[in-house]
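Below is one structure; the comments refer to it alone.
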Amino acid sequence: SKITRLKEENEDLKKQVDALDQYTRRNSLQVSGIRELREENTDDVITSTMSKIGVEISPTDIEHSHRVGSKDGGKTRPIIVKFSNFRVKRRILMARKQLDKNVYVNDDLTWERSGIAYKARKLVKQKVLNKTWTSNGKIVVIDSSGRRYSIETMSELDMLSSRTHMQSPHSQGQARTMSYAGAVTSGRISISSEQIPSLEGAVAASVSPGKTNLPEGTTHTLRNATPTK
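Going by the UniProt record's numbering, 117 is the number at position 117 of the sequence shown; the sequence numbering is gapless.
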């Protein structure tokens, strides 16, 4: 119908705007857990913190940095830092496991993607999903059958979680070959062609956010595909 088509066009437009917003953050990171001082230079804070894990950053490597959020009862606010190039960001991501346990480094996500990532972590804690993490601004999840998905919208995550809820323990073997007809028909879910029973050496973002090092090329998606064995 015309209303359905307009809704789909609106959804596609929102996704395009969100993708552009995320692209502007491609060289940015969010660093949480660093104690906030009354008078501080956040560039110096980031440089000093990363130096402790062997990542040397020069002043020209940082375009700008700042705390985000309102000061609320002394709560430590995260720092958003934008680097001059992706190589610096990547070096930090590769070394972040060495940070203090209360300091986390994550992709700087858009408001929409932050909400998706937060809900995905809750679904992991509820054992609806097995694992979740972010990679280059994308939210990746692994469902109870070991199938991997790249999630772009909240509706995609809701669809996946509702289908996972419907699967009983006795139907897990069949879950690998189920058609996911609604997702396939609409083309709204990016489905991985790979099955990953485990991620060796990786820690789900729900358990230790910001401390997961993933191999290059982890996220591969196929549009309008059906999960297979």
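Every residue gets a Cβ at the ideal spot worked out from N, C-alpha and C, and that includes glycine.
Go ahead and label residue i buried or exposed: buried means 16 or more other beta carbons lie within 10 angstroms of its beta carbon, across all protein chains shown.
i: T60; result: exposed
i: W133; result: buried
i: S162; result: exposed
i: I46; result: buried
i: I92; result: buried
i: Q16; result: exposed
i: L37; result: exposed
i: R148; result: buried
i: D108; result: buried
i: R35; result: exposed
i: S65; result: buried
i: M94; result: exposed
i: R87; result: exposed
i: E216; result: Here the model assigns E216 a pLDDT of 40, short of 50, so the residue's position is not dependable and the matter cannot be decided.
i: K106; result: The question names Lys, but residue 106 is Asn in the sequence shown. When all chains shown are included, N106 counts as buried.
Tell me the DSSP secondary structure of residue i in three-state form.
i: E8; result: helix
i: Q126; result: coil
i: R77; result: coil
i: D108; result: coil
i: K101; result: coil
i: S161; result: helix
i: S155; result: helix
i: residue 274; result: As displayed, the chain neither begins before 1 nor continues past 229, which places residue 274 out of reach and without an answer.
So what does residue i bridge to, in DSSP terms?
i: residue 306; result: Residue numbering for the chain in the displayed model covers 1 to 229; residue 306 lies beyond these limits and cannot be assessed.
i: K89; result: DSSP, once it has assigned bridges, lists no residue as partnering K89.
i: K82; result: S28, H64
Mind reading off the beta-carbon distance from residue i to residue j? Whole number of angstroms is fine, and I expect it under 8 Å.
i: S127; j: I142; result: Looking at the sequence itself, residue 127 is Lys, so the reference to Ser does not match. The pair is not a contact, with the Cβ atoms about 12 Å apart (cut-off 8 Å).
i: G33; j: V103; result: 4 Å
i: Q22; j: T110; result: 5 Å
i: I62; j: V81; result: 6 Å
i: L160; j: K119; result: Actually they are not in contact, since the Cβ atoms of L160 and K119 sit about 11 Å apart, beyond 8 Å.
i: R67; j: R77; result: 4 Å
Runs of alpha helix (DSSP H) lying entirely within the stretch 3–75, each at least 4 residues, in chain order: Fully contained in the stretch 3–75 are the following alpha helix (DSSP H) runs of length 4 or more, in chain order: 42–51.
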